[in-house]
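Here the structure comes first, spelled out in structure tokens, and everything after it is commentary.
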Amino acid sequence: MEHQNPIVEVLIVEDDVKIAEINRRFIEKVAGFHVVGIATDVGQAKEQLEILTPHLVLLDVYLPGANGLEMLSFIRQHYRETDVIMITAAKEIDAIREAIRGGAFDYIMKPLVFNRLQETLLRYLNFHRELKRMNDSGMINQSDVDRLLLGSSKKESGSDTSFLPKGIDKLTLVKIVHAISGAPDGLTADQIAKEIGVSRSTGRRYLEHLVSSGDLYADLSYGVVGRPERVYRKNNA
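If you're matching positions, the sequence shown starts at 6 in our numbering and goes up one per residue.
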């Protein structure tokens, strides 16, 4: 989506009216965003998409009589200029994987925290500013692509990508940062490996790199049986 209007128009798709209103207030606290509609089911969502053609949809995974992932697929197929942020209470890795594969801009778990949503919305604005700048310039180099995919700051990318250590690929790194950003409870190396499609050892290497750069931190999780596992979480400090 490449819109000239400085205001990003947002459609909220959420079956709980009270939660939808909270989300609306959160969104409109962020400069540059305006909620143009709230839909509580798939029928309303499709109707408002056709009428309003919003820039962005805040979409709950669980909707009455429907799957939000199917709605995501519908939006990507019929409204290619509309971006989607998925919101859900589900913590299943499969749901996260499908949302990322389906083209969701981000995936945020409930309860929705303002700071986390604000972070995503600001990243969204920056992403489209970079797209417009690149389009206006008519020339694209590798640093432009890095800035677009990895973010304009070290904090977003997980490192200075000009000096990545051997064995760390930029695109794999951004996939892992994206996955961790959508998992406030953290992910293990095994979970990252399954989601991204790499080996456990490769996933662990990238995660430890992000820990060393200060973008992630690791805790030990003690299960019922077996050795404790390292759980990696985003460092928002």
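Each residue gets a CB set at the ideal place from its N, CA and C atoms; glycine is no exception. Predicted, not measured: the structure shown is a model, and the values here were computed from it.
* Please state whether DSSP places Glu14 in a helix, a strand or coil. => Strand, per DSSP.
* Helix, strand or coil for Lys115 per DSSP? -> It is coil, neither helix nor strand.
* Could you pull out every residue in the same chain whose Cβ sits closer than 8 Å to the Cβ of Asp46, ignoring the five residues on either side in sequence? => Result list for Asp46: Asp20, Leu68, Pro69, Gly70, Ala71, in chain order.
* To which residues does DSSP link Lys239 through a beta bridge? -> Leu221
* Assigned secondary structure, Ser204 (DSSP; H/G/I helix, E/B strand, else coil) -> coil
* First and last residue of the beta strand (DSSP E) that includes Ala44? -> 38-44
* Residue range of the alpha helix (DSSP H) that includes Val35 -> Val35 -> no alpha helix (DSSP H), and no H or E assigned at all.
* **Rounded C-alpha distance that separates Ile24 from Val62** => 15 Å
* What is the DSSP secondary structure of Ile56, reduced to helix, strand or coil? -> helix
* To do: For Gln53, count neighbouring Cβ atoms within 10 angstroms of its own Cβ and tell me buried if that reaches 16, exposed if not.
  => buried
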